[in-house]
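Chains A and B, in that order, are what the protein sequence lines are. For the first sequence, the working numbering assigns the number 7 to the initial residue and increments by one for each residue that follows. For the second sequence, the working numbering assigns the number 7 to the initial residue and increments by one for each residue that follows. A virtual CB, placed ideally from N, CA and C, is assigned to each residue, including glycine. Quick caveat, the model's predicted, so the values are computed rather than measured. What follows is a short report on a single structure.
2 protein chains.
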Amino acid sequence: MQTFFKVKTAQEVFESLGDIEPLGSESIPLRSSLGRVLARDIESGEDLPGFHRSTVDGYALAARDTYGASESLPALLTVAGEVGMGTMHQFVLKRGQCALIPTGGMLPEGADAVAMVEYSQTLEEGLVEVTRPVSPLENVIQPDDDVKKGQVMLKRGTLLRPQDLGILAGLGVAQVEVFARARAAIISTGEEVVDISQKPRLGQIRDINSFTLHGLCEKAGAEPIYLGIVGDTFQDLKSATEKGLSQSDVVLLSGGSSVGAKDLTLEAFSSFDGVELIAHGVSISPGKPTIVARKGNKTLWGLPGHPVSTMIIFDVFLTFLFGKLSGLGEPAQGMDYYIEAELDRNVESVTGREDYIRVKLSHGEGRVIATPIFGKSGLISTMIEADGLVRIDMNTEGLYRGDTVRVKVFRS
Amino acid sequence: MQTFFKVKTAQEVFESLGDIEPLGSESIPLRSSLGRVLARDIESGEDLPGFHRSTVDGYALAARDTYGASESLPALLTVAGEVGMGTMHQFVLKRGQCALIPTGGMLPEGADAVAMVEYSQTLEEGLVEVTRPVSPLENVIQPDDDVKKGQVMLKRGTLLRPQDLGILAGLGVAQVEVFARARAAIISTGEEVVDISQKPRLGQIRDINSFTLHGLCEKAGAEPIYLGIVGDTFQDLKSATEKGLSQSDVVLLSGGSSVGAKDLTLEAFSSFDGVELIAHGVSISPGKPTIVARKGNKTLWGLPGHPVSTMIIFDVFLTFLFGKLSGLGEPAQGMDYYIEAELDRNVESVTGREDYIRVKLSHGEGRVIATPIFGKSGLISTMIEADGLVRIDMNTEGLYRGDTVRVKVFRS
Numbered sequence: 007m008q009t010f011f012k013v014k015t016a017q018e019v020f021e022s023l024g025d026i027e028p029l030g031s032e033s034i035p036l037r038s039s040l041g042r043v044l045a046r047d048i049e050s051g052e053d054l055p056g057f058h059r060s061t062v063d064g065y066a067l068a069a070r071d072t073y074g075a076s077e078s079l080p081a082l083l084t085v086a087g088e089v090g091m092g093t094m095h096q097f098v099l100k101r102g103q104c105a106l107i108p109t110g111g112m113l114p115e116g117a118d119a120v121a122m123v124e125y126s127q128t129l130e131e132g133l134v135e136v137t138r139p140v141s142p143l144e145n146v147i148q149p150d151d152d153v154k155k156g157q158v159m160l161k162r163g164t165l166l167r168p169q170d171l172g173i174l175a176g177l178g179v180a181q182v183e184v185f186a187r188a189r190a191a192i193i194s195t196g197e198e199v200v201d202i203s204q205k206p207r208l209g210q211i212r213d214i215n216s217f218t219l220h221g222l223c224e225k226a227g228a229e230p231i232y233l234g235i236v237g238d239t240f241q242d243l244k245s246a247t248e249k250g251l252s253q254s255d256v257v258l259l260s261g262g263s264s265v266g267a268k269d270l271t272l273e274a275f276s277s278f279d280g281v282e283l284i285a286h287g288v289s290i291s292p293g294k295p296t297i298v299a300r301k302g303n304k305t306l307w308g309l310p311g312h313p314v315s316t317m318i319i320f321d322v323f324l325t326f327l328f329g330k331l332s333g334l335g336e337p338a339q340g341m342d343y344y345i346e347a348e349l350d351r352n353v354e355s356v357t358g359r360e361d362y363i364r365v366k367l368s369h370g371e372g373r374v375i376a377t378p379i380f381g382k383s384g385l386i387s388t389m390i391e392a393d394g395l396v397r398i399d400m401n402t403e404g405l406y407r408g409d410t411v412r413v414k415v416f417r418s
Numbered sequence: 007m008q009t010f011f012k013v014k015t016a017q018e019v020f021e022s023l024g025d026i027e028p029l030g031s032e033s034i035p036l037r038s039s040l041g042r043v044l045a046r047d048i049e050s051g052e053d054l055p056g057f058h059r060s061t062v063d064g065y066a067l068a069a070r071d072t073y074g075a076s077e078s079l080p081a082l083l084t085v086a087g088e089v090g091m092g093t094m095h096q097f098v099l100k101r102g103q104c105a106l107i108p109t110g111g112m113l114p115e116g117a118d119a120v121a122m123v124e125y126s127q128t129l130e131e132g133l134v135e136v137t138r139p140v141s142p143l144e145n146v147i148q149p150d151d152d153v154k155k156g157q158v159m160l161k162r163g164t165l166l167r168p169q170d171l172g173i174l175a176g177l178g179v180a181q182v183e184v185f186a187r188a189r190a191a192i193i194s195t196g197e198e199v200v201d202i203s204q205k206p207r208l209g210q211i212r213d214i215n216s217f218t219l220h221g222l223c224e225k226a227g228a229e230p231i232y233l234g235i236v237g238d239t240f241q242d243l244k245s246a247t248e249k250g251l252s253q254s255d256v257v258l259l260s261g262g263s264s265v266g267a268k269d270l271t272l273e274a275f276s277s278f279d280g281v282e283l284i285a286h287g288v289s290i291s292p293g294k295p296t297i298v299a300r301k302g303n304k305t306l307w308g309l310p311g312h313p314v315s316t317m318i319i320f321d322v323f324l325t326f327l328f329g330k331l332s333g334l335g336e337p338a339q340g341m342d343y344y345i346e347a348e349l350d351r352n353v354e355s356v357t358g359r360e361d362y363i364r365v366k367l368s369h370g371e372g373r374v375i376a377t378p379i380f381g382k383s384g385l386i387s388t389m390i391e392a393d394g395l396v397r398i399d400m401n402t403e404g405l406y407r408g409d410t411v412r413v414k415v416f417r418s
């Protein structure tokens, strides 16, 4: 058995992946673009809404005609007409005139404000009293209030949210240029691993990792491609890796954590021209027996066999990698992934490696409590119980009860 | 013009929706189940892993054979064989014997622990020294450590995460029973609204809301069905609503905020047998001009025309509603949606209504800062700039600079 000879820190692995390039772009319908990443800046070709728009139901008028108006001395205006929705005004307001206008309607020429219907009173057909003064532009959206022509509204690298779809619709962008989704080949290895449709014999287990990896890839915006279960022989591993390299951008091979199995994976990876080994072991616990290799812009991962370790390694490196491949501006930097909580137990750690602690969250008095879940990394059930992960820094010996920690919360 | 006559608080609306029933269930392949909600408890039919499993590379042995072992006085054992992965043991260990075992291998009969290879030394072929004592069960996962037979592993109402897919795979659940996805009919109304493929004339705007609603529905796990843009006439609104009711569980009609438009929506909704009006106006700002009606387990929503208001009303009510329809255990209670931040400006509010403030987040010294974004609810651009929302309670007059607030963070 060969021991790990190229153990790297997380930082070193990130550096080796720093120049991974985003994939090419594609044009897709706006309606399918939620969660995709913009491949170019979106500059507005026009002002929005493009006209003076009322924000209330009321009377469009010249503000100066209402100056000094009050309950006891209302301004008296004649109603010149009614503004229809979506139509250009057919009239021009003269001094002392106003026009009935609905919310969203376009102000007629001669009007610079809208008096709310609540502060008006109809005296007789065509005559209205306004009981409060309005200022110019009161209750009005100006032509370029929402969007100014030539303004960059959304930047290349933006992960599209519902409101981003909204502004793209407003600008008439029916087809969006987004980065292609990364494809991830998922291969399970191990003589003891059987398909989930099979009843395992003693000593065998069903293929758990390919399903957690499938879910993790989908969450990360990548397209998972399942290539099945292969045995722990050099030839099987090599041909599965070859298939993975030809069909995907990232090859995820999850398998036995034994040194023998890892050595075979390393051999299989190294058998391809142009493959460069990045790490043979990472200083992360759980997750140490991880192999990282690279062939140009493609990467190959020999993930630990233990389900918890595999999930943590994915969380640390692959969310970041898929972010880079999909052109995300700040991969995995989103603040929404974290919440602060108070640790309710001491946790030991070893300096010189990053430790990831599974925690369960609960509500304490005015704060969130994080309770560590201890358990071997082979037990997927500990990840079911957990709500998230806490990272313990390489240079920290542990955390204390009462410490405030940042919890990276699991999401579906 | 008719004013709102049935303005309800958010609490009252929630109460009227309290007895909404989850939709029926369907059986889907495990690989497609991420983000879906379990329709029944998953009870384990077996122990996992089902056998004594080594967590390290080393020697399987009887712990008592190593008691008292040290560097200077190692325990001497004979190697009876090597455990293969995924195979049942072909040998039984006798006193003083051990077997080479890889990580994940099954312990042979007669062994109750594993000594790590790091603490052993091969003397000659078939003879090994162990230099540290091991305890019974050290480096071993017991047959029911991960899952006990008969244990409920996942409860009905669980939103499936990657690790949940993993445990279901481990249990051999290839098809999962989940609640059906809710279908949401999206209808845009308003004479001024044009399709995004069209160039708006003066006074017209492109259909923004149907795209933000599309994205919001997808995020909430619902299937959006777009029924197009209809005019603000009773007959158009009625037939669009009819189509929506026949094809979906939730009808989302977004349109003009004018009282006239709202009255027509109300008339259209009320024209169907069995429709009960829940609210004609809600005490939420922005978002007041909202109509909520119900026909059995189906609901009809007349959403405000302003994009910001529509998004906030969706966030408050529809995330909750889709959670109920999809059978989610605790709809919209997930702690992951919030982060705590310090407000950097005073914000006024009006008692008697809930106010929602758009905020931008940034990192201050050791804390997250929330900066309010002020702007009319007709401006979708304010939602692009914002990172999330802060709710101001009905009974609060405002918030102060320096207050700690909970920010509901937008996600894609």
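P206, R207, L208, G209, Q210, I211, R212, D213, I214, N215, S216, F217, T218, L219, H220, G221, L222, E224 and K225: these are the residues of the stretch 206-226 of chain A whose beta carbon lies less than 8 Å from some beta carbon of chain B, given in chain order. For P313 of chain A, the enclosing alpha helix (DSSP H) begins and ends at P313 to I319.
Nearest Cα to T218 of chain B within the set B:G311, B:D152 and B:G237: B:G311.
Secondary structure note for F185 of chain B: its beta strand (DSSP E) is the uninterrupted segment Q181 to F185.
Counting along the chain, K161 of chain B sits inside no alpha helix (DSSP H), nor does DSSP assign it H or E at all.
The DSSP assignment places 394-398 as complete runs of the beta strand (DSSP E) inside the stretch 377-411 of chain B, in order along the chain (cut-off: 3 residues). For L331 of chain A, not one C-beta of chain B is nearer than 8 Å to its own C-beta. If the five residues before and after A75 of chain B are omitted, its C-beta is found closer than 7 Å to the C-beta atoms of A81, V136, T137, R138 and P139, all from its own chain and listed in chain order.
Cβ-Cβ distances below 7 Å link Q148 of chain B to H58 in the same chain, with the five nearest sequence neighbours on each side left out; the list follows chain order. Where K366 of chain B is concerned, the enclosing beta strand (DSSP E) starts and stops at E360 to H369. The C-alpha of T271 of chain A is placed about 28 Å away from the C-alpha of V134 of chain B. Considering only beta carbons, the part of the stretch 370-399 of chain B lying closer than 9 Å to chain A consists of V374, G381, K382, S383, G384, L385, I386, S387, T388, M389, I390, A392, D393 and G394, in chain order. Within chain A, no residue has its CB atom less than 9 Å from the CB of T239 of chain B, the nearest being about 11 Å off. For the stretch 145-171 of chain A, residues whose beta-carbon sits nearer than 8 Å to a beta-carbon of chain B comprise I147, D151, D152, V153, M159, L160, L165, L166, R167, P168, Q169, D170 and L171. The CB of I193 of chain A never comes closer than 9 Å to any CB in chain B; the least such distance is about 15 Å.
In the structure shown, A16 of chain A falls within a helical segment according to DSSP collapsed to helix, strand and coil. Flagged as an interface residue toward chain B: I345 of chain A, by a C-beta distance shorter than 8 Å. Chain B places a beta carbon closer than 8 Å to that of I173 of chain A, counting this residue as a contact.
The three-state secondary structure of V236 of chain B, taken from DSSP, is strand.
Just measuring C-alpha positions, the residue of A:E224, A:G266 and A:T402 sitting nearest S355 of chain A is A:T402. Taken through DSSP and simplified to helix, strand or coil, A188 of chain A comes out as coil. In this model, K301 of chain B and T316 of chain B are separated by some 22 Å (Cα to Cα). Fully contained in the stretch 109-180 of chain A are the following alpha helix (DSSP H) runs of length 4 or more, in chain order: 168-176.
Fewer than three Cβ pairs drawn from the stretch 188-204 of chain A and the stretch 82-102 of chain A lie within less than 8 Å of each other, which leaves the two stretches out of contact. The beta carbon of V123 of chain A sits closer than 6 Å to those of D63 and G64, all from its chain and outside the five residues before and after it, given in chain order. As the crow flies, the alpha-carbon of E346 of chain A is around 47 Å from that of V236 of chain B.
Inclusion of V256 of chain B and V43 of chain B in the CB contact set at 8 Å is not warranted, their separation being larger than that value.
Cβ-Cβ distances below 8 Å link G176 of chain B to L54, D152 and V153 in the same chain, with the five nearest sequence neighbours on each side left out; the list follows chain order. In this structure, B:N145 is the residue among B:D150, B:N145, B:F97 and B:L129 with its C-alpha nearest to the C-alpha of P108 of chain B.
With a contact defined as Cβ atoms closer than 8 Å, V13 of chain B and V298 of chain B miss out at about 11 Å.
Residue pairing by DSSP puts V257 of chain B in a beta bridge opposite B:A191 and B:L306. By DSSP's assignment, Q103 of chain B forms a beta bridge with B:T84. Secondary structure note for G64 of chain B: its beta strand (DSSP E) is the uninterrupted segment G64 to L67.
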